[in-house]
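Contents: one structure, followed by commentary.
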Amino acid sequence: MNGNKFAQLNLGYFYENGRGTQKDMKKAIEWYEKSAKQEYGNAQCRLAYLYEIDEGIDQDLEKAIDLYKKAADNGYVAAYHCLGKCYQDGIGIEKNEVKAFEYYKNQLKKSGIGTEIDKEKAVELYKDAVKGGNRDAQKRLEMIKS
834 MNGNKFAQLN
844 LGYFYENGRG
854 TQKDMKKAIE
864 WYEKSAKQEY
874 GNAQCRLAYL
884 YEIDEGIDQD
894 LEKAIDLYKK
904 AADNGYVAAY
914 HCLGKCYQDG
924 IGIEKNEVKA
934 FEYYKNQLKK
944 SGIGTEIDKE
954 KAVELYKDAV
964 KGGNRDAQKR
974 LEMIKS
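Each residue of the sequence shown is one higher than the one before, starting from 834 at the first, in the working numbering.
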């Protein structure tokens, strides 16, 4: 998939909300899908939410859960909260409060809430990700060092 995943997400948002253009959910979903296919967690989570709430796209709770999981795997912290809510309320998945708690806890941990910040470890992990070709990690590494 080609194109800038950030710009694609933003175009989806503009079409979804009618910002600077006519509201068009079909086009919004097309742009979110393009961004999500590039493993962009923010777009995956947004698309999952639309599948969950049946907004402009046929409701598909199984697909929503799958996209939330991909978004979490791709480092989008808010996806952990969404998964926690799904497990807590049994949305598209069997209700499981223990798993819900784990997802909520992971969201807090990955947000740095209730945990110690280890800048050296972060730099080490980002360097590993950069070696693996992750361009986003390079940007974050530069932010940490500045």
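Where a beta carbon is used, it is the ideal one built from N, C-alpha and C, also for glycine.
Can the beta-carbon of residue i be found closer than 8 Å to that of residue j?
{"i": "residue 858", "j": "residue 889", "result": "yes"}
{"i": "residue 904", "j": "residue 897", "result": "no"}
{"i": "residue 928", "j": "residue 873", "result": "no"}
{"i": "residue 977", "j": "residue 963", "result": "no"}
{"i": "residue 867", "j": "residue 841", "result": "yes"}
Sorted by chain position, which residues of the same chain lie with C-beta nearer than 6 Å to residue i's C-beta, five sequence neighbours on each side aside?
{"i": "residue 865", "result": "845, 876, 879, 880"}
{"i": "residue 893", "result": "884"}
{"i": "residue 901", "result": "881, 912, 915, 916"}
{"i": "residue 869", "result": "876, 877, 880"}
Using a Cβ-Cβ cutoff of less than 7 Å, which residues in the same chain neighbour residue i once the five nearest sequence positions on both sides are dropped?
{"i": "residue 847", "result": "853, 854"}
{"i": "residue 943", "result": "910, 913"}
{"i": "residue 973", "result": "959"}
{"i": "residue 970", "result": "959, 962, 963"}
{"i": "residue 895", "result": "925"}
Quick one: is the Cβ of residue i within less than 7 Å of any heavy atom of the ligand COA?
{"i": "residue 888", "result": "Judged by which ligands are present, the structure shown has none, so any question about the ligand COA falls away."}
By Cβ distance below 8 Å, which residues in the same chain neighbour residue i in space, the five residues on each side in sequence not counted?
{"i": "residue 856", "result": "848, 849, 850"}
Looking at the structure shown, is residue i part of a helix, part of a strand, or coil, going by DSSP?
{"i": "residue 870", "result": "coil"}
{"i": "residue 843", "result": "helix"}
{"i": "residue 776", "result": "Given a span of 834 to 979 for the chain in the structure shown, any question on residue 776 remains unanswerable."}
{"i": "residue 837", "result": "coil"}
{"i": "residue 875", "result": "helix"}
My parser needs the alpha helix (DSSP H) runs of 4 or more residues fully inside the stretch 884-946; what are they? Counting whole runs of 4 or more residues, the stretch 884-946 contains the alpha helix (DSSP H) stretches 894-906, 911-922, 930-943.
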